[in-house]
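Trainee: Heads up: the sequence shown begins at 1 in UniProt numbering, then just goes up one per residue.
Yeah, the Cβ is synthetic: ideal placement off N, Cα and C, and Gly gets one too.
Remember, predicted model here, so these are calculated numbers, not experimental data.
Dropping the structure in here first, questions after.
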Amino acid sequence: MYSCVPSESTDIPPPGISTIDSTPLIPMCALPMLPSPLLPASLAPETSQPDTPSIRSCTPPVNSSSSPDNSSYRVRLTSDMRRKNRTALQRLIEKVAQDVKHEIDRLESNHPTHRLWHHAPRPRKALKDAMEQLAQYPPCSVSTLATDIQDEQFYIDLVSLMHNVLRNLLLPKLRSQIRRSQSTAKRMSGAPVINNIMRTIPEEKA
């Protein structure tokens, strides 16, 4: 006789799992949705296609005209050219001033220009003021001066022109110094100083 009680070595499957069907499970996969032949194509479900990713460059486009490096280079270049031109102008003025001074020294003692220079109380200040005025209003273009003076004939003509301009600026300043010194001497001596009445305002006309 056989006992109906199972022995301890008998494997009892868990409830709910059948031991008869031992066919392995087939994993479910996503099948494409095809249009049904019984439905018109317009009513068939549309299959969504993933967007094709586009390749974009991570490097921003370089514009040579607006690049910060190019802009700073142009600023430095312009500054250097401006400094070179101003330096060339200053050297020309100093050379012309020395020529004017040597020319005055070579004049005879009775020459009007020689007398103005030696009678003025501060002739070197007058010359310095004339040089500053010439630097402020030069008779040439300063933006291209450093390049223009490379031409020999241009350099000679410019030096001659600046020589005449500086001398013409200097002479009135020497005369003005002499007039002021004479007026000061008259005041110190107690002599009356007669001012010319211009009669250009109502108080002077009365």
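Does the beta-carbon distance from L145 to A97 come in below 8 Å?
Mentor: Their beta carbons are not under 8 Å apart, which means L145 does not touch A97 by this criterion.
Trainee: For the stretch 95–183, which segments carrying the alpha helix (DSSP H) assignment without a break, of at least 4 residues, lie completely within its bounds, in sequence order?
Mentor: Runs of the alpha helix (DSSP H) inside the stretch 95–183: 112–119, 123–136 and 145–148.
Trainee: Could you pull out every residue in the same chain whose Cβ sits closer than 8 Å to the Cβ of Q90, ignoring the five residues on either side in sequence?
Mentor: So the qualifying residues of the chain are A135.
Trainee: Apart from the five residues just before and just after V100, which ones in its own chain have a Cβ nearer than 7 Å to its Cβ?
Mentor: Excluding positions up to five away in sequence, the list reads H163, L166, R167 and L170.
Trainee: Count Cβ pairs between the stretch 101–120 and the stretch 145–157 that sit closer than 8 Å; are there 3 or more?
Mentor: The stretch 101–120 is not in contact with the stretch 145–157.
Trainee: Could you tell me the distance, in whole angstroms, from the CA atom of R86 to the CA atom of R76?
Mentor: Straight-line Cα distance between these residues: approximately 15 Å.
Trainee: Could you check whether R175 and L127 sit closer than 8 Å to each other, using their CB atoms as the reference points?
Mentor: Not in contact: L127 and R175 (Cβ atoms no closer than 8 Å).
Trainee: Taking the CB atoms as reference points, tell me whether Q177 and A120 lie closer together than 8 Å.
Mentor: In contact: Q177 and A120 (Cβ atoms closer than 8 Å).
Trainee: Does the beta-carbon distance from K95 to A130 come in below 8 Å?
Mentor: No; because the gap between Cβ atoms is not below 8 Å, this pair is not in contact.
Trainee: Please state if the CB of I149 and the CB of L158 are separated by a distance shorter than 8 Å.
Mentor: Against a cut-off of 8 Å, the Cβ pair of I149 and L158 comes out as a contact.
Trainee: Cα separation between P138 and L92?
Mentor: One C-alpha to the other measures close to 11 Å.
Trainee: Excluding sequence positions up to five away, which residues of its chain have a Cβ less than 7 Å from the Cβ of P123?
Mentor: The answer, listed in chain order, is W117 and L174.
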